[in-house]
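As you go down the protein sequences, you meet chains A and B in turn. Residues in the first sequence are numbered consecutively from 10, following the working numbering. Residues in the second sequence are numbered consecutively from 10, following the working numbering. Beta carbons: idealized from backbone N, C-alpha and C, even for Gly. Keep in mind it's a predicted model, so treat the numbers as computed, not measured. Below you'll find the structure, written out as structure tokens, and then a few comments.
Protein chains: 2
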Amino acid sequence: MPAFPRFTALAESLPATVPFVGPETQERARGEAFRARLGANESGFGPAPSVIEAITREAALCWRYGDPENHDLRQALAAHLGLAPDCVVVGEGIDGLLGLTARLIAGPDTPVVTSLGAYPTFNFHVAGFGGRLVTVPYRDDHEDLEALLEAVRQHDAPLVYLSNPDNPMGTWHKADKIVAFAKSLPETTMLVLDEAYGETAPPEAIPAIDALSDMPNVLRYRTFSKAYGLAGQRMGYVFGVAETVSRFHRVRNHFGVNRLGQAAALAALQDRDWLTHVVEEVAKSRDRIAGIGRANGLVPIPSATNFVTMDCGSDVNRAKSILEGLGARGVFIRMPGVAPLNRCIRVSAAPDAEISVFEQVLPEVLAGVPATIG
Amino acid sequence: MPAFPRFTALAESLPATVPFVGPETQERARGEAFRARLGANESGFGPAPSVIEAITREAALCWRYGDPENHDLRQALAAHLGLAPDCVVVGEGIDGLLGLTARLIAGPDTPVVTSLGAYPTFNFHVAGFGGRLVTVPYRDDHEDLEALLEAVRQHDAPLVYLSNPDNPMGTWHKADKIVAFAKSLPETTMLVLDEAYGETAPPEAIPAIDALSDMPNVLRYRTFSKAYGLAGQRMGYVFGVAETVSRFHRVRNHFGVNRLGQAAALAALQDRDWLTHVVEEVAKSRDRIAGIGRANGLVPIPSATNFVTMDCGSDVNRAKSILEGLGARGVFIRMPGVAPLNRCIRVSAAPDAEISVFEQVLPEVLAGVPATIG
């Protein structure tokens with residue numbers, strides 16, 4: 010039986026690899042559930058009780074399509090940001106919105122600049138539309154703004170990705186640096202500013218809304234997946250100049266956002282007390298994870314996110330052995346994918362019970378992993 | 010402030026129009042909610058109580074990403090269909106999967122064949138990737154299989170869309186006709202067989218799974234949005250030859266399916282009694298809608314779907330006046346978008362209370378609409 014011969018040349022050229030393997034896949038392979046789920050930067054602190062109530066209330070209406078305009082949520086987000094509703098588009102998580110962004114700007118062989126080891130899903134989407142990734146090494150575990158700018162100029166790239174705070178390293182730049190970077194870009198380069206972890210960052214890391222809101226070449230991405238605790242609901246949003254943002258409507262899947270997600274996100278946005286509570290819990294958990302790491306000879310990197318990345322003091326082999334050892338003992342974590350970041354492991358903030366499992370298991374794992382291997 | 014100048018030429022060429030305006034948009038415009046929601050072919054009969062329970066149970070875990078493999082649901086669907094799990098891919102509704110299909114096969118100027126007046130969202134996605142739509146008129150309110158085949162051959166099209174049962178007309182072809190059509194297509198043409206309304210169709214309308222399951226150029230699309238009553242959860246699936254289906258993994262948003270949707274769909278698939286109940290209710294509701302139409306001088310077209318399309322006896326102006334009159338009185342319906350189908354209105358099956366509103370309002374509306382206008 011011959012295969013279908015007329016997929017596009019681009020589709021045929023794409024690898025079958027995926028950006029991330031889910032923890033469930035690993036659980037099926039090991040035949041039991043993880044005892045601690047610390048790998049996907051989800052929020053084990055959960056969404057607010059008010060959000061669960063909103064979901065439960067809306068469940069009886071899940072036979073109705075969600076509002077394709079995401080009107081109520083967009084209004085609330087706009088009010089929250091101090092922008093006009095037309096400056097905001099809601100999508101199926103930041104991942105979905107990054108896919109649309111790549112589609113709108115990156116065609117075959119379009120140069121797209123990002124940091125070497127930054128968010129793989131962005132790279133997946135760029136490659137999926139034929140874009141050519143130009144990568145810039147991290148500098149001292151931070152995204153290197155000067156080098157990113159230089160690469161943009163050198164390649165005349167129409168698209169550059171920056172996460173602040175950064176994933177997978179947890180580091181951040183101050184707002185004034187980010188604003189200066191944005192303003193130094195050519196007007197012909199779109200900045201994808203991924204602020205997925207903005208809520209857990211120190212305030213001075215996040216540019217004021219109006220610092221960038223008049224720039225047609227800046228898009229800022231935020232999510233309900235992290236601090237708001239709604240990863241499973243797939244609710245992200247992007248904001249920027251209305252005319253720029255309007256392009257998403259030309260290509261998005263208009264009915265793609267699920268109805269309970271809309272209700273959940275709206276309730277989450279309104280429950281500021283819960284967000285404050287979670288941000289406090291995340292900060293405490295980061296401190297605890299860092300302390301556990303230090304007590305075991307790892308070097309935690311200061312983090313503005315809901316995870317802590319820790320230097321394992323050697324190369325990929327040691328970090329990988331630790332990750333695998335933790336996994337075998339029921340602790341799901343992840344690690345950066347490329348050198349030199351992959352000397353590290355990445356552990357998500359979580360409720361104390363899960364961190365205690367990590368605390369208990371880590372020394373057992375390290376006992377079996379030599380200080381330097383490779 | 011200049012606009013961002015480097016969206017792709019394709020993106021810049023796309024119109025800002027959307028395939029469907031949601032009822033919420035109309036409700037906001039009229040300043041009050043519809044009394045009867047009969048326009049989007051949702052299932053007012055709702056999902057099964059067991060499904061609501063599954064959603065409520067899973068809600069506390071919505072801080073976790075859904076399994077990107079959709080493993081449990083895919084296993085259950087595969088068992089249900091009698092296929093290997095690798096033959097099934099789950100996505101964000103049929104709409105999302107149609108978008109991926111267009112992306113995989115249609116590039117700039119690729120000819121894509123569909124019926125004139127068939128599903129606008131498919132057309133939206135094809136146009137969104139630069140494809141060139143080749144449309145074939147309906148014949149006697151049915152999609153015209155011979156003419157579709159002829160257009161495929163004439164244009165050497167790699168992609169052809171067919172919904173069976175059909176939306177927006179509600180008509181259907183028997184399974185043997187569909188199978189013969191599929192087998193008559195060149196091996197270089199992918200058949201998109203949209204079976205969104207398959208559950209409410211007479212059994213003889215739906216090809217056996219194994220009648221098409223060895224054809225690399227056939228993809229069948231089904232959904233939990235219609236008979237299963239989960240439109241708001243955005244759960245669809247596509248199945249076919251494993252190698253064909255595998256292409257979706259190269260481009261899909263792997264974490265794009267929401268977790269409560271996964272739980273809801275799995276529960277819905279297992280509750281066969283509820284599906285049987287809903288299918289019976291839909292059949293009764295279709296009969297009632299048709300009866301109301303006939304009593305008011307409209308001509309209902311026999312339907313295999315969860316809606317009834319009714320000929321208003323004149324042209325677009327009469328149908329549109331009826332639609333607008335119903336809308337002004339709180340009854341949301343839709344109508345086909347192009348001639349000659351747009352002589353009709355389309356009314357979704359729904360619980361009796363809503364149909365009673367339609368029954369009450371329709372004569373009032375018709376009293377104000379002359380038999381022939383235009």
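Assigned with DSSP and collapsed to three states, B/Phe16 falls in coil, not helix or strand.
Exposure of B/Pro212 is indicated by the presence of fewer than 16 other C-beta atoms within 10 angstroms of its C-beta. At least one C-beta of chain A is nearer than 7 Å to the C-beta of B/Ala20.
Using a Cβ-Cβ distance cut-off of 8 Å, the segment 328-344 of chain B and the segment 183-202 of chain B are not in contact, since fewer than three pairs of beta carbons, one from each stretch, lie closer than that value. Distance from B/Tyr206 to B/Ala313 at the Cβ level is roughly 7 Å; contact confirmed, criterion being Cβ atoms closer than 8 Å.
What B/Val27 touches in chain A, judged by beta-carbon distance under 8 Å, is Pro77, His258 and His263, going in chain order. The beta carbon of A/Asp280 sits closer than 7 Å to those of Ala57, Ser59 and Val60, all from its chain and outside the five residues before and after it, given in chain order.
Within chain B, the residues placing a beta-carbon under 8 Å from that of A/Met199 are Phe13 and Arg15, ordered along the chain.
Considering only beta carbons, no part of the segment 174-185 of chain A lies closer than 7 Å to chain B. Two segments are said to touch when three or more pairs of C-beta atoms, one from each, lie closer than 8 Å; by this definition the segment 358-375 of chain A does not touch the segment 66-74 of chain A. Between B/Cys321 and chain A, the shortest Cβ-Cβ separation is not below 7 Å.
The alpha carbon of A/Ile103 has as its nearest neighbour, out of A/Gly116, A/Pro129 and A/Ala85, the alpha carbon of A/Pro129.
Within the segment 216-292 of chain B, the alpha helix (DSSP H) runs of at least 4 residues that lie entirely inside it are, in chain order, 218-221, 251-255 and 268-279. Remark: C-beta atoms of B/Glu101 and B/Gly346 do not approach each other more closely than 7 Å. Counting along the chain, the unbroken alpha helix (DSSP H) around B/Arg83 starts and ends at His80 to Leu90. By DSSP's assignment, A/Leu142 forms a beta bridge with A/Val121. Here DSSP, grouped into helix, strand and coil, assigns A/Thr318 to strand.
Apart from sequence neighbours up to five positions away, the residues of its chain that approach B/Val254 with a beta-carbon distance below 8 Å are Asp95, Cys96, Val97, Val98, Leu228, Val247 and Phe248, ordered along the chain.
Under the DSSP assignment, B/Val98 falls in the beta strand (DSSP E) whose first and last residues are Val97 to Gly100.
Across the structure, B/Gln242 and B/Glu62 are spaced so that their CA atoms are roughly 14 Å apart.
In terms of beta-carbon proximity, A/Gln35 stays away from the interface with chain B, with every pair separated by 7 Å or more. Of the candidates A/Thr123, A/Arg112 and A/Glu51, A/Arg112 places its Cα closest to the Cα of B/Asn262. In this structure, the beta-carbon distance from A/Leu168 to A/Ile114 falls below 7 Å. For A/Asp118 and A/Asp153, the gap between their C-alpha atoms comes out near 24 Å.
Close to A/Ile61, with beta-carbon spacing below 7 Å, are these residues of chain B in chain order: Ala68 and Ala69.
With contacts defined by Cβ atoms closer than 7 Å, B/Ile342 and B/Leu47 form a contacting pair. Judged by beta-carbon spacing, A/Thr180 lies beyond the 7 Å limit of A/Asp219, meaning their Cβ atoms are not closer than that value. Within the DSSP bridge table, the entry for A/Pro309 names A/Met319 as partners. With contacts defined by Cβ atoms closer than 7 Å, A/Leu278 and A/Ala85 form a contacting pair.
Taking the CA atoms as reference points, B/Ala184 sits about 25 Å from B/Gln163. Fewer than three Cβ pairs drawn from the segment 349-368 of chain A and the segment 131-142 of chain A lie within less than 8 Å of each other, which leaves the two stretches out of contact.
DSSP places B/Asp153 in no beta strand (DSSP E); its state is neither H nor E.
Rounded to whole angstroms, A/Ile64 and B/Leu171 show a C-alpha spacing of 36 Å. Excluding sequence positions up to five before and after A/Ser52, its CB lies within less than 7 Å of the CB of Lys235, Ala236, Gly238, Val287 and Asn315, all in the same chain and listed in chain order. Closer than 7 Å to the CB of B/Gln163 there is not a single CB belonging to chain A. Under DSSP, B/Arg148 takes part in a beta bridge, and its partners are B/His151.
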